[in-house]
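Those protein sequences? They're chains B, C, R, F and L, same order as listed. Residues 3 to 94 in my numbering are what the first sequence spells out, letter by letter. Residues 3 to 94 in my numbering are what the second sequence spells out, letter by letter. Residues 3 to 94 in my numbering are what the third sequence spells out, letter by letter. Residues 3 to 94 in my numbering are what the fourth sequence spells out, letter by letter. Residues 3 to 94 in my numbering are what the fifth sequence spells out, letter by letter. First comes the structure, then the notes that go with it.
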Amino acid sequence: MMICKVIGNVWATKKDDALEGKKLMVVIQTDTYGEKVQGECFVAADIVGAGVGERVLIVNGSTARKALGGDDIPIDAAIVGIIDTLEVDRTH
Amino acid sequence: MMICKVIGNVWATKKDDALEGKKLMVVIQTDTYGEKVQGECFVAADIVGAGVGERVLIVNGSTARKALGGDDIPIDAAIVGIIDTLEVDRTH
Amino acid sequence: MMICKVIGNVWATKKDDALEGKKLMVVIQTDTYGEKVQGECFVAADIVGAGVGERVLIVNGSTARKALGGDDIPIDAAIVGIIDTLEVDRTH
Amino acid sequence: MMICKVIGNVWATKKDDALEGKKLMVVIQTDTYGEKVQGECFVAADIVGAGVGERVLIVNGSTARKALGGDDIPIDAAIVGIIDTLEVDRTH
Amino acid sequence: MMICKVIGNVWATKKDDALEGKKLMVVIQTDTYGEKVQGECFVAADIVGAGVGERVLIVNGSTARKALGGDDIPIDAAIVGIIDTLEVDRTH
Numbered sequence: 003m004m005i006c007k008v009i010g011n012v013w014a015t016k017k018d019d020a021l022e023g024k025k026l027m028v029v030i031q032t033d034t035y036g037e038k039v040q041g042e043c044f045v046a047a048d049i050v051g052a053g054v055g056e057r058v059l060i061v062n063g064s065t066a067r068k069a070l071g072g073d074d075i076p077i078d079a080a081i082v083g084i085i086d087t088l089e090v091d092r093t094h
Numbered sequence: 003m004m005i006c007k008v009i010g011n012v013w014a015t016k017k018d019d020a021l022e023g024k025k026l027m028v029v030i031q032t033d034t035y036g037e038k039v040q041g042e043c044f045v046a047a048d049i050v051g052a053g054v055g056e057r058v059l060i061v062n063g064s065t066a067r068k069a070l071g072g073d074d075i076p077i078d079a080a081i082v083g084i085i086d087t088l089e090v091d092r093t094h
Numbered sequence: 003m004m005i006c007k008v009i010g011n012v013w014a015t016k017k018d019d020a021l022e023g024k025k026l027m028v029v030i031q032t033d034t035y036g037e038k039v040q041g042e043c044f045v046a047a048d049i050v051g052a053g054v055g056e057r058v059l060i061v062n063g064s065t066a067r068k069a070l071g072g073d074d075i076p077i078d079a080a081i082v083g084i085i086d087t088l089e090v091d092r093t094h
Numbered sequence: 003m004m005i006c007k008v009i010g011n012v013w014a015t016k017k018d019d020a021l022e023g024k025k026l027m028v029v030i031q032t033d034t035y036g037e038k039v040q041g042e043c044f045v046a047a048d049i050v051g052a053g054v055g056e057r058v059l060i061v062n063g064s065t066a067r068k069a070l071g072g073d074d075i076p077i078d079a080a081i082v083g084i085i086d087t088l089e090v091d092r093t094h
Numbered sequence: 003m004m005i006c007k008v009i010g011n012v013w014a015t016k017k018d019d020a021l022e023g024k025k026l027m028v029v030i031q032t033d034t035y036g037e038k039v040q041g042e043c044f045v046a047a048d049i050v051g052a053g054v055g056e057r058v059l060i061v062n063g064s065t066a067r068k069a070l071g072g073d074d075i076p077i078d079a080a081i082v083g084i085i086d087t088l089e090v091d092r093t094h
């Protein structure tokens, strides 16, 4: 799973019906200090009640559909956990 | 999902029969300001009536096939929403 | 789908039996002008009769297997269309 | 599989129920000398009893779910082996 | 498929049972001249009898599992062919 930070929300009126009611958030990958790294923002569906500013775990691809509970949902990124603590060996 | 901008159309006469009738658009990933970022243009099938210049949400891989409603369709990117608003915390 | 150019052929005598008879071509991703971009050549199976020098649409991953008509074929990239025209808004 | 090094642990109280009881570790890709390379840390589920500092083999995507023994588990990276020896031809 | 070169072997005593007996080789992506390119070494299972120094075709992701003949095998890269000849138009 990617370590990301939630930085915003996105609204889309014209969309695939299967996206109706999904909470879509803008996220960005971070390092273990919470700093932005190379790579662009993307949009993930939230299933754990994450808010802007929180650090989260993201799954991508077909795994996101599994997390959302339906193999036919047209979503390829999902927030599956809110990070409490990252304990990292900084000597690496 | 990736945040992209629609920048054009593509035509292909010789193609897999399963692509017949699909609306294929050229898209490029953007940041949350709508600016082009590193990475190349690619082609996505549109299912929401997007037009050139609009900002859209794109799903990739097997999820694109799900969005298109058929697991055997030879398409690996699909436009699943037209972005109305991106509300992003610019302090990150 | 990626926008690529066909630049060659590859031969492999010792290979998975399921690759027997497949036409494998060397391709490289290009921009919308047909110029080579960052990234390496790779090999894709052709199902539309593409030739060296042509611009093509490529699908990757599990979608390539779908394009080849069999979920067990050990191929993860396929040429699914030959590009006639790319009409791109150059102001982006 | 990616060659990675385990560098830490991650805790998340609010998470998808299916993640309950999974051992989640922070890993980073390395070269064959064990040195950190370009690319960010990510989180993988451990199924072989790996510890911080060990070099491991990681599978990604749908393969991680297979490694975890259930196609519906919302995890897209798994540690499937602890590397004893890497024997590499350094002349390449 | 990626064009890679086999550069070594890897041994792991503690590993997922399903990896038992698989021949795991260290590979690196190359250009069409056989030169190393940007990107790191990774590990692929060999099903065609490849040796160190040979140029090979690699499939990734779920396609590697298909190549290995079992959808539940925790391997996400497989060597599916040994390259005899690459015939590339160098004018691109």
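Positions of the beta carbon are idealized from the N, C-alpha and C atoms, including for glycine. Since this is a predicted model, take the numbers as computed values, not measurements.
Where residue i meets chain L, residues with beta-carbon distance less than 7 Å
| i | result |
| --- | --- |
| Gly23 of chain R | Chain L residues near Gly23 of chain R: none, gap ~13 Å exceeds 7 Å. |
| Asp33 of chain F | Glu42 and Cys43 |
| Val90 of chain F | Ile9, Gly10 and Val28 |
Neighbour list for residue i in chain B, Cβ cutoff strictly below 8 Å
| i | result |
| --- | --- |
| Glu37 of chain C | Result: empty, since nearest Cβ-Cβ is about 10 Å, beyond 8 Å. |
Contact check, residue i vs residue j, beta carbons under 9 Å
| i | j | result |
| --- | --- | --- |
| Ala20 of chain B | Met3 of chain C | no |
| Gly41 of chain R | Met27 of chain R | no |
| Leu78 of chain F | Thr15 of chain B | One point to set straight first is that residue 78 of chain F is Asp, not Leu, in the sequence displayed. Going by C-beta atoms, Asp78 of chain F is not nearer than 9 Å to Thr15 of chain B. |
| Asp18 of chain C | Val82 of chain R | yes |
| Lys25 of chain B | Asp48 of chain B | yes |
| Gly53 of chain B | Val8 of chain B | yes |
Contacts of residue i in chain R (Cβ-Cβ under 8 Å)
| i | result |
| --- | --- |
| Leu26 of chain L | What Leu26 of chain L touches in chain R: nothing, since even the nearest Cβ is about 17 Å away. |
Closest residue to residue i among the options (Cα-Cα distance)
| i | options | result |
| --- | --- | --- |
| Val50 of chain F | F:Leu70, F:Thr34 and F:Gln40 | F:Leu70 |
| Ile85 of chain R | R:Gly10, R:Asn11, R:Gly55 and R:Lys24 | R:Gly55 |
| Lys38 of chain L | L:Cys6, L:Ile77, L:Ala79 and L:Asn62 | L:Cys6 |
| Ile30 of chain R | R:Trp13, R:Val58, R:Lys24 and R:Lys17 | R:Val58 |
| Gly63 of chain F | L:Ala52, L:Gly53 and L:Ile75 | L:Ile75 |
| Tyr35 of chain R | C:Phe44, C:Leu88 and C:Thr34 | C:Phe44 |
| Leu88 of chain B | B:Thr32, B:Val61 and B:Gly23 | B:Thr32 |
| Ala80 of chain C | C:Ile60, C:Val90 and C:Asp91 | C:Ile60 |
Interface partners of residue i on chain C, CB under 9 Å
| i | result |
| --- | --- |
| Thr87 of chain R | Asn11, Val12, Trp13 and Ala14 |
Cross-chain neighbours of residue i in chain F, by beta carbon under 8 Å
| i | result |
| --- | --- |
| Asp18 of chain L | Ile49, Val50, Ala69, Val82 and Gly83 |
Residue-chain proximity (residue i, chain A), Cβ-Cβ < 9 Å
| i | result |
| --- | --- |
| Asp86 of chain B | Absence of chain A from the displayed structure is noted, the protein chains being B, C, R, F and L. |
Give the residues from the stretch 50 to 76 of chain B that approach chain F closer than 7 Å (Cβ to any Cβ), ordered along the chain. Val50, Gly51, Leu59, Val61, Asn62, Gly63, Ser64, Thr65, Lys68 and Ala69
Extract the residue ranges of the beta strand (DSSP E) inside the stretch 20 to 51 of chain B, only unbroken runs of 3 or more that lie entirely within it. DSSP runs (the beta strand (DSSP E)) wholly in the stretch 20 to 51 of chain B: 26 to 31 and 44 to 48.
Which ranges does the beta strand (DSSP E) cover as unbroken runs of at least 3 residues, wholly within the stretch 59 to 94 of chain C, from first to last along the chain? 79 to 84 and 87 to 90
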